[in-house]
Structures are given as C-alpha cells and as structure tokens.
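Asks:
2 protein chains.
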Amino acid sequence: MTIVRRIDVANLAGVSEATVSRVFNNVKPLREETKQKVLEAARQLNYQPNALAQSFATGKSGNIGVIVPYLPKVNIISTHYFSEILGGIGMMLAKNNYNLLLIFQSPQEPKNYIQLFNSQKFDGCIILGAKDVPGEKEEIDMLHQLSHPYCLVNQTFEGYSFHSIDAEHYKGSFDAVSLLLKKGFRKIAFLNGPSEYSNSTERLKGYQDALTSFGIELHSEWIFRGNYSRTSGYQVAGEMALMMDHIDAVFAANDRMAIGLMQGLNQHGYTVGRDYALIGYDDSDVTTMVQPQLSSVHVPLFEMGKRAAEVVLNAILKGHTKPFQENLPVTLIERDSTNHLMEEMA
Amino acid sequence: MTIVRRIDVANLAGVSEATVSRVFNNVKPLREETKQKVLEAARQLNYQPNALAQSFATGKSGNIGVIVPYLPKVNIISTHYFSEILGGIGMMLAKNNYNLLLIFQSPQEPKNYIQLFNSQKFDGCIILGAKDVPGEKEEIDMLHQLSHPYCLVNQTFEGYSFHSIDAEHYKGSFDAVSLLLKKGFRKIAFLNGPSEYSNSTERLKGYQDALTSFGIELHSEWIFRGNYSRTSGYQVAGEMALMMDHIDAVFAANDRMAIGLMQGLNQHGYTVGRDYALIGYDDSDVTTMVQPQLSSVHVPLFEMGKRAAEVVLNAILKGHTKPFQENLPVTLIERDSTNHLMEEMA
DNA sequence: TGAGATAATGTACACGCGATCATTTCTTGT
DNA sequence: ACAAGAAATGATCGCGTGTACATTATCTCA
Numbered sequence: 001m002t003i004v005r006r007i008d009v010a011n012l013a014g015v016s017e018a019t020v021s022r023v024f025n026n027v028k029p030l031r032e033e034t035k036q037k038v039l040e041a042a043r044q045l046n047y048q049p050n051a052l053a054q055s056f057a058t059g060k061s062g063n064i065g066v067i068v069p070y071l072p073k074v075n076i077i078s079t080h081y082f083s084e085i086l087g088g089i090g091m092m093l094a095k096n097n098y099n100l101l102l103i104f105q106s107p108q109e110p111k112n113y114i115q116l117f118n119s120q121k122f123d124g125c126i127i128l129g130a131k132d133v134p135g136e137k138e139e140i141d142m143l144h145q146l147s148h149p150y151c152l153v154n155q156t157f158e159g160y161s162f163h164s165i166d167a168e169h170y171k172g173s174f175d176a177v178s179l180l181l182k183k184g185f186r187k188i189a190f191l192n193g194p195s196e197y198s199n200s201t202e203r204l205k206g207y208q209d210a211l212t213s214f215g216i217e218l219h220s221e222w223i224f225r226g227n228y229s230r231t232s233g234y235q236v237a238g239e240m241a242l243m244m245d246h247i248d249a250v251f252a253a254n255d256r257m258a259i260g261l262m263q264g265l266n267q268h269g270y271t272v273g274r275d276y277a278l279i280g281y282d283d284s285d286v287t288t289m290v291q292p293q294l295s296s297v298h299v300p301l302f303e304m305g306k307r308a309a310e311v312v313l314n315a316i317l318k319g320h321t322k323p324f325q326e327n328l329p330v331t332l333i334e335r336d337s338t339n340h341l342m343e344e345m346a
Numbered sequence: 347m348t349i350v351r352r353i354d355v356a357n358l359a360g361v362s363e364a365t366v367s368r369v370f371n372n373v374k375p376l377r378e379e380t381k382q383k384v385l386e387a388a389r390q391l392n393y394q395p396n397a398l399a400q401s402f403a404t405g406k407s408g409n410i411g412v413i414v415p416y417l418p419k420v421n422i423i424s425t426h427y428f429s430e431i432l433g434g435i436g437m438m439l440a441k442n443n444y445n446l447l448l449i450f451q452s453p454q455e456p457k458n459y460i461q462l463f464n465s466q467k468f469d470g471c472i473i474l475g476a477k478d479v480p481g482e483k484e485e486i487d488m489l490h491q492l493s494h495p496y497c498l499v500n501q502t503f504e505g506y507s508f509h510s511i512d513a514e515h516y517k518g519s520f521d522a523v524s525l526l527l528k529k530g531f532r533k534i535a536f537l538n539g540p541s542e543y544s545n546s547t548e549r550l551k552g553y554q555d556a557l558t559s560f561g562i563e564l565h566s567e568w569i570f571r572g573n574y575s576r577t578s579g580y581q582v583a584g585e586m587a588l589m590m591d592h593i594d595a596v597f598a599a600n601d602r603m604a605i606g607l608m609q610g611l612n613q614h615g616y617t618v619g620r621d622y623a624l625i626g627y628d629d630s631d632v633t634t635m636v637q638p639q640l641s642s643v644h645v646p647l648f649e650m651g652k653r654a655a656e657v658v659l660n661a662i663l664k665g666h667t668k669p670f671q672e673n674l675p676v677t678l679i680e681r682d683s684t685n686h687l688m689e690e691m692a
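Which chain is which? The protein sequence lines are H and Z, in order.
When we follow our numbering, the leftmost residue of the first sequence carries the number 1, and every step to the right adds one.
When we follow our numbering, the leftmost residue of the second sequence carries the number 347, and every step to the right adds one.
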C-alpha cells in the first residue's frame, strides 16, 4: 500500500514518465493508442497524480482562501449571511476545479494577508466581513498594490478602489423606508449595525434620504445601534420601548435584529401591526417563520459569493488586474409586518 | 518582488540553508546567537517558508478535508445543522494549525474518497451528511480498511464500526415523545426524515419505544416523512390536516420541518397550543423566533464538529487507529409549543 | 593540554511533478 | 525510395523544503 508514482505507471505501460504526464495533462501531440495504454496501466495501479507535487511543480496551490471572521463564542458561520455567500463561492470554485480553503481569522490577531499569500497556501482570496478599521485597510491596500488576486464581499472603503462585490444597500434602504412612508408611517426609527461596515453607513444614507425626500425632519433619537445579532435587537427594544409613543415604524439593518427587536417590544406590550410596522434586511429564511411574516430587502448573497469567486478566478486565470467593483441589485419583499393590523382584518 | 527563498536568508545571515531550516522548524541543537542572526535576516527579507514546498517535502498537506453534500439549488451550508458542525471543526483545526478544505460533493457523482486521499490534498477528512446507500458504505469501508484518518458525523452504519461522532438520538427522541405523553397527549404523530440517515431510524425507535412504554399502540398512519426542509414540513401538513381529529401532538425530526408543518397546519385552521402540541429537534435558533416558541431537543452540533476534528487530528498526529465511536448527550428543551393553550392563559 | 565526547553547523539528496529540449518515429510528396 | 518536415516520445532538470549524514567547533575532564 505504498504510493503509486508516475514512474510506476510508465514502467507498466512501457513508456517514459513524460508520456504519462502528457496523458494526464492532455498535452498534445499524443497517439490515441499510447494514451489508452497509459490509462490502462494507471487504472490497474490505481494511480492518482499527487496534488501536492503538482502544486509544488506549478507553483499553484489550486486553492482559493476564504477569510471569515472568527469569534470564539459566536458561531459566525451559522448566520444566513455568511452561509449564503460561502455557498455561492463554493459553487463557482467547484465548477472551476478549485478548492475552498476556509480560514478563520480572529478579530484581535493582526491581519497578515501578505504572509498568507507568500506561504502559497492559496492562489487568491476572498475576504468576508472586512471592517473599516485602521490595520485592515492598509493590509488590503498592500494586497492591492502587489496585485494579488483578491476580492472583498459586502464591504467598500471610501477613497480606495479595492476589488469588491457589494449590493445596492443605499437603494435597498431607501426603498425599505420609502415603503413605510408610502404606507403612511411617518415616525420611523432605524436600528442600524456597527459603523465599521460600509453597508451600515450606506443604509444610514438611504434611510436619511428617504425621509428627507418625503419632507420629514431627521431625529437623531430615532437612530439605534445593534451588532447584527438577535440579542442586540432584543436589548435595543428596552430603550426603544420608552419612546414608542413617538415611533410608528422601524427599519432594521438585518432580519435577526428585527426579530430580536420584535420579541423585545412584545415583552413591553408593543405588537407589530397593531403598534408599529417593521421591516428587516437580508430576506433570510426566518422572515417567513415569524408571525407576522417580516417584510425585508432581499440581498443576492449567494450570487455575490459566486461573482466574488469569479472575479478572483479571472484574476488568476486571465490575469485581469484592473479595479473591479460591482453592486448587485436588491429587491424589496413586502410581507405582513409592514401592514396595518386593520388591513389584515379587512 | 520575487519570492524569497531559504537560500537568500542563508546568504544574508552567512549560514547554510540547513541552519535556516533548523531555525524555522525549531530543530535543536542550535546556538541562540545563530538563531537570532537568521531571524533578523529573515525579517529583513520578509521571508515566509513556502507552504507548498513544505507540504511536498513532508508529504503532509496540513489540510483536513470536510466533505459536505452539495445540492445545486438548495444551499445546504445555510442550514443550522451544517453551519454549527463546520464551526466546531474550524475552531479545533485553527487551534492545531490545520487548514480546512471544504469539499462540496454532488449526490449524483460517485464518492471517491480514496482518490481524494491519494491526491494528498488533505491528511484526513470529516464526512458530513453521509447516507446509508450502497455506494457510500463500501467507499467508507475502504477508507477504514486502509486506515486513513477520517470521521463521520451524525451517521452510523449498522454492522460496521466506522469512526464516528454522533448524538444520543434515540434518547432525544424518547425524551421528546415522553414529554408529550407526560403532558397528557396520547395521539402523537411523528414527522421523520429520510431513512438513509441513521439518526432518522434511531429517532423512529425512540418514538416507538416511548409510546409502547406508555402502553400506547403504534399506528403506522401516525408516521409521516419529509426531507428535513421547511417546505417538506409544509407539504406534509396537507396530509396531516385530513386526520387532525386523530392527532393531538406531533414530534418532528428537526425544527425546520416542525415550523413548516406548523405553518401548513395553520393554513388548515389548526393552531399549536389550541389544537395540538408540537416539538422539534436540533434546538436551532429559529425555535425562539416562532410563536409559540418551539420545544426542541438540543443537539451539541458545534461540540460534535470539535470532537470529530479532534478524532481525525489524533489519528494523524498520534496514530490513533482503533475504532472510535462517541455519542454526545442531547438535552430536551421545553418551550411553549408543548403546553396546552389553557395553561398559557392561566 | 590533549583526547574523547558532544554540540553546532554544513553538504547533499529526495520528494513527484511539469516542462523544455533532444531524439526518434512516422508521414508526405516526388 | 528518399529527403524533409511533422508528429510522437524520451531524457533531464528545477521547483523549495526537510532531513540523514558528514564535518567542524566547542566543551569536559583527567
């Protein structure tokens, strides 16, 4: 049960090592007869080229690194958000015979993307959950300067033209708030996520512009902040409950916070539909599991993952190097949480 | 901007290549002075050992393959189940400086785990979502015979002693149904998953034994089958609605089906708490997002992933080879969906 | 102080493959 | 039948590292 090498196949087939290599790499010219002879020998010996040696010889690992933030207690992978993107990436890579190397990155430890590239563990990388904080921006900038194949997902940096796939969060936010306004709500609170994420700030702009476009004055006390977890939404409900007399609708920056908020406000006696309207973001599967079903903004996360993988593969395989930015469209999904209770009863 | 190699560091530090290698691999004996000289040279040149070459030289990739079933349309990763396990695996691997190679496996294409091992892309593998179907069993058996480091998660095979980490699904099921029985329910239906999964059949046994231990006759028409998706639960609701006069409680083999069923039965005018009790399985985050909150059986999926990774790492690093099977404990979590409505109102 | 032991460092090769270049075999046209 | 070109195949090297073995420097103890 030792490892079968190219030379073993060559000996059995009565050809040279180079010919075996040619058969497996489909390098022409090559006599069909020889090819069959080699394949038959390979089959008999159950030969499988050593991917490690191949990688070493070519200098290509055949892996794409996907960098995912890792928080010791919180299982970040389990959120709809990351899972969808990861699925999209996986699909595209599988189609192109690339492997997906999942790399968990602790927030505290310094980002060393360059070292990761130098180690040749992967040929390109996709960075999920990047944040606009000092250390990170510079590191990505260095990746960019050295023209390593990479792509950010759902994060852009003001003043830099990094490769990235994002979604139209400004529009999504604007549309969401506009829906509430069209429905007649006027006192609209906004539960946003951390400002290190560019899409948080984009959503804030969309929220503000929608209100002002309807001639409504902005109130800073209408703006709340969570960390995208359900728990944080639940906690914010405590603050918000104190001023529900001055709020008739809430736009939350993701579904999980929306649901946490909904549950928290329930505890304080405020019900969606009767006391306020609610709209989430991401259109995750939980939107249809709650009562009333949650209106939300669909974000093509799976597609975004696919596109990000495509961008990185194009950089690797076709040498594409010019800055690439793309914003995929989002879709407003209207469900019951943005309706008045009387409409339901009608 | 060319690649810095060991020899470059050696030249700058005025030592041999072997010494540089020794410094980086911490091979003694070694003079402290020499070590510092080499490290300083490496720092100046920004030297990073080539992981590809290291892997090739040692014959170890440093990767653990995680094999995940891939269904073109359905994004399997996004389910609580896989995400949690994956997170646990990732945690343990990161701690041991191993990388996680995610491998999507289409159900239709033949399983060739042996080839994957021969290709040396990974040093060990963890198989998620294995099914008890003809081709698969033999392939895993071969892995086992060749004593390749591997571990199954949440799947066992009758008559084989494959390495596996599972949970006490018989007990979980028994406890869940017993809870319903203690609450006074007697006409208890069971919405199970596909029988290719060993935990489906284990749960069936638990369900049956719980009923018979209470002296209740088994009714084959009480048993329904879905595929673990919410949609399948929703569809089953159509059948079940026809016989809700003869059912007062339902045990579902996972939360998603439970919620689908709940929504489907709602459409037919049957409400949890008023018309029937419901208990799910997995204790996923959606249990607390629905109304009433769903009783469920907590399965330590994250922990299971951790343990599976540990088993594989032990096989690789310490040569552990004897059959390893472990069943982690499950916990019954009682919420509102197993209470009668009148209790809530009291 | 010198010999033997031991610590420290250097030399050289293998790992399995891709790929270049050299060589042999085959084809074609007259 | 033969030359010239094309097609097919063979010999060989390099990729960057780990490591066995050879060599040299240092220490120890009488």
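Ideal placement from N, C-alpha and C gives every residue a C-beta, glycine not left out.
1. By Cβ distance, which residues of its chain are closer than 6 Å to S493(Z), with the 5 residues on each side in sequence left out?
2. In whole angstroms, what is the alpha-carbon distance linking K306(H) and S220(H)?
3. Assuming N500(Z) contacts N545(Z) under a Cβ cut-off of 8 Å, what Cβ separation, rounded to an integer in Å, is found between them?
4. Taking buried to mean at least 16 other C-beta atoms within 10 Å of its own C-beta, is M345(H) buried or exposed?
5. So, using beta-carbon positions, are G193(H) and N254(H) closer together than 8 Å?
6. Name the two residues that bound the continuous alpha helix (DSSP H) containing D8(H).
7. Relative to chain Z, which residues along the region 111 to 134 of chain H have a C-beta separation below 7 Å, given in chain order?
8. Can you give me the Cβ contacts of A315(H) inside the same chain, cut-off strictly under 7 Å, excluding the 5 residues immediately before and after it?
9. Taking the beta strand (DSSP E) that P69(H) belongs to, which residues open and close that run?
10. Within a Cβ cutoff of 7 Å, which residues of the same chain sit near F174(H), ignoring the five residues on either side of it in sequence?
11. For L647(Z), collect the residues of the same chain with a Cβ closer than 6 Å to its Cβ; drop the 5 residues on either side in sequence, then sort them by chain order.
12. Using a Cβ cut-off of 9 Å, pull out every chain H residue sitting near A399(Z), in sequence order please.
13. Tell me the rounded alpha-carbon separation between S232(H) and L180(H).
14. Quick check on H298(H): does DSSP put it in helix, strand or coil?
15. With a threshold of 8 Å between beta-carbons, can N50(H) be considered close to chain Z, or not?
16. Output the boundary residues of the alpha helix (DSSP H) element that contains I89(H).
17. Grab me the residues of I7(H)'s own chain with a C-beta within less than 7 Å of its C-beta, minus the 5 sequence neighbours each way, in chain order.
18. Can you tell me the Cα-Cα spacing of T348(Z) and L116(H), whole angstroms?
19. Determine the closest residue to G436(Z) out of T425(Z), L448(Z), Y427(Z), with distance taken between C-alpha atoms.
20. Can you give the beta carbon distance from L659(Z) to Y393(Z), rounded, assuming they're within the 8 Å contact cut?
21. Report yes if the C-beta distance between A604(Z) and A598(Z) is below 8 Å; otherwise report no.
22. Using 8 Å as the Cβ pair cut-off and three pairs as the minimum, do the region 472 to 479 of chain Z and the region 501 to 509 of chain Z touch?
23. Going by the CB atoms, is the gap between P107(H) and G135(H) shorter than 8 Å?
24. Note down, in chain order, each residue of its chain lying with its Cβ closer than 6 Å to the Cβ of S683(Z), except the 5 sequence neighbours on either side.
25. In this structure, does DSSP put E343(H) in helix, strand or coil?
26. Starting from R203(H), trace the alpha helix (DSSP H) in both directions and tell me its first and last residue.
27. At the level of alpha carbons, what is the spacing between L218(H) and T212(H)?
28. Taking beta-carbon pairs under 8 Å, can you tell me which members of the region 628 to 662 of chain Z lie near chain H?
29. So with Cβ pairs under 8 Å, would you call Y70(H) a contact of chain Z?
30. List the DSSP bridge partners of E672(Z).
31. Can you give me the start and stop residues for the alpha helix (DSSP H) that F56(H) sits inside?
32. In chain H, what lies closer than 8 Å to N445(Z) by C-beta?
33. Spatial neighbours of F670(Z) within its chain, please: C-beta separation below 6 Å, excluding the five flanking residues on both sides.
34. Please classify A397(Z) as buried or exposed, where buried requires at least 16 neighbouring CB atoms within 10 angstroms.
35. H80(H): buried (16+ other C-beta within 10 angstroms of its C-beta) or exposed?
36. Tell me whether the beta-carbon of L611(Z) lies closer than 8 Å to the beta-carbon of F570(Z).
Replies: If we stick to the structure as given:
1. As a working note, residue 493(Z) is residue 147 in the second sequence. Answer for S493(Z): T667, listed in chain order.
2. Numbered from 1 along the first sequence, position 306 holds the residue referred to as residue 306(H). Numbered from 1 along the first sequence, position 220 holds the residue referred to as residue 220(H). Taking the straight line joining both Cα atoms gives about 38 Å.
3. For the purposes of this step, residue 500(Z) is taken as residue 154 along the second sequence, with counting starting at 1. For the purposes of this step, residue 545(Z) is taken as residue 199 along the second sequence, with counting starting at 1. Between N500(Z) and N545(Z) the beta-carbon gap is near 6 Å, inside 8 Å, which marks them as a contact.
4. Start at 1 with the first residue of the first sequence, and residue 345(H) comes out as number 345. With a pLDDT of 40 at M345(H), under the threshold of 50, the modelled position of that residue is not reliable, and the figure given next carries that caveat. By the neighbour-count rule (16 or more Cβ atoms within 10 Å), M345(H) is not buried but exposed.
5. The sequence position of residue 193(H) within the first sequence is 193, counting from 1. The sequence position of residue 254(H) within the first sequence is 254, counting from 1. Yes, these two residues count as a Cβ contact at 8 Å.
6. In the first sequence, residue 8(H) corresponds to position 8, counting from 1. From DSSP, the alpha helix (DSSP H) with D8(H) extends over 6 to 13.
7. Q115, N118, S119, Q120, K121
8. Start at 1 with the first residue of the first sequence, and residue 315(H) comes out as number 315. Closer than 7 Å at the Cβ level, and outside the excluded window around A315(H), lie G124, P149, T321.
9. Numbered from 1 along the first sequence, position 69 holds the residue referred to as residue 69(H). Taken as a continuous stretch (DSSP letters only), the beta strand (DSSP E) holding P69(H) covers 63 to 69.
10. Walking along the first sequence from the start, residue 174(H) turns up at place 174. Within the same chain, F174(H) has close Cβ partners G206, D209, A210.
11. As a working mapping, residue 647(Z) is identified with position 301 in the second sequence. If we look at L647(Z) and ignore the five residues flanking it on each side, its Cβ neighbours are E430, I431.
12. Counting from one through the second sequence, the residue named residue 399(Z) turns up at place 53. Those are F56, Q120, listed as they occur along chain H.
13. Here residue 232(H) refers to the residue found at position 232 when the first sequence is read from its first residue. Here residue 180(H) refers to the residue found at position 180 when the first sequence is read from its first residue. Distance between the alpha carbons of S232(H) and L180(H) is about 23 Å.
14. The residue given as residue 298(H) occupies position 298 in the first sequence. Looking at H298(H) - three-state DSSP - the assignment turns out to be strand.
15. By one-based count along the first sequence, residue 50(H) stands at place 50. It does; some Cβ of chain Z falls within 8 Å.
16. What you label residue 89(H) is simply residue 89 of the first sequence in a count that begins at 1. Run containing I89(H): 80 to 95, per the alpha helix (DSSP H) assignment.
17. Residue numbering aside, residue 7(H) sits at position 7 when the first sequence is read from its first letter. Closer than 7 Å at the Cβ level, and outside the excluded window around I7(H), lie E17.
18. Sequence index remark: in the second sequence, residue 348(Z) carries index 2 (1-based). Sequence index remark: in the first sequence, residue 116(H) carries index 116 (1-based). About 15 Å.
19. Numbered from 1 along the second sequence, position 90 holds the residue referred to as residue 436(Z). Measuring from the Cα of G436(Z), the nearest candidate turns out to be L448(Z).
20. For the purposes of this step, residue 659(Z) is identified with residue 313 of the second sequence, where counting begins at 1. For the purposes of this step, residue 393(Z) is identified with residue 47 of the second sequence, where counting begins at 1. Contact flag wrong, Cβ pair sits at about 28 Å.
21. For the purposes of this step, residue 604(Z) is identified with residue 258 of the second sequence, where counting begins at 1. For the purposes of this step, residue 598(Z) is identified with residue 252 of the second sequence, where counting begins at 1. Yes, Cβ-Cβ distance for A604(Z) and A598(Z) is below 8 Å.
22. yes
23. Counting from one through the first sequence, the residue named residue 135(H) turns up at place 135. Counting from one through the first sequence, the residue named residue 107(H) turns up at place 107. Taking 8 Å as the Cβ cut-off, G135(H) and P107(H) do not qualify as a contacting pair.
24. For this step, residue 683(Z) is matched to residue 337 along the second sequence. Hits under 6 Å: V618, L624, P638, L640, S641.
25. Here residue 343(H) is taken as the residue at index 343 of the first sequence, counted from 1. Any reading at E343(H) must be qualified, since the residue scores a pLDDT of 46, below 50, and its modelled position is unreliable; no value is offered.
26. Against the first sequence, residue 203(H) aligns to sequence position 203. Unbroken alpha helix (DSSP H) run through R203(H): 198 to 213.
27. Counting from 1 along the first sequence, the entry for residue 218(H) is found at position 218. Counting from 1 along the first sequence, the entry for residue 212(H) is found at position 212. Looking at the two C-alpha atoms, the distance is approximately 7 Å.
28. D631, V632, T634, M635, V636, Q637, F648
29. Residue 70(H) sits at position 70 when you count from the first residue of the first sequence. Judged by the 8 Å Cβ criterion, Y70(H) is in contact with chain Z.
30. In the second sequence, the residue the question calls residue 672(Z) occupies position 326. Answer is I511(Z).
31. One-based indexing of the first sequence puts residue 56(H) at position 56. 51 to 58 is the extent of the alpha helix (DSSP H) around F56(H).
32. By one-based count along the second sequence, residue 445(Z) stands at place 99. Neighbours of N445(Z) on chain H, chain order: L101, L102, I103, K121.
33. Taking the first residue of the second sequence as position 1, residue 670(Z) is located at position 324. The residues are H509, V657.
34. Numbered from 1 along the second sequence, position 51 holds the residue referred to as residue 397(Z). A397(Z) is buried by the Cβ-count criterion.
35. Residue numbering aside, residue 80(H) sits at position 80 when the first sequence is read from its first letter. With 16 or more Cβ atoms within 10 Å of its Cβ, H80(H) is classed as buried.
36. Walking along the second sequence from the start, residue 611(Z) turns up at place 265. Walking along the second sequence from the start, residue 570(Z) turns up at place 224. No. Outside cutoff.
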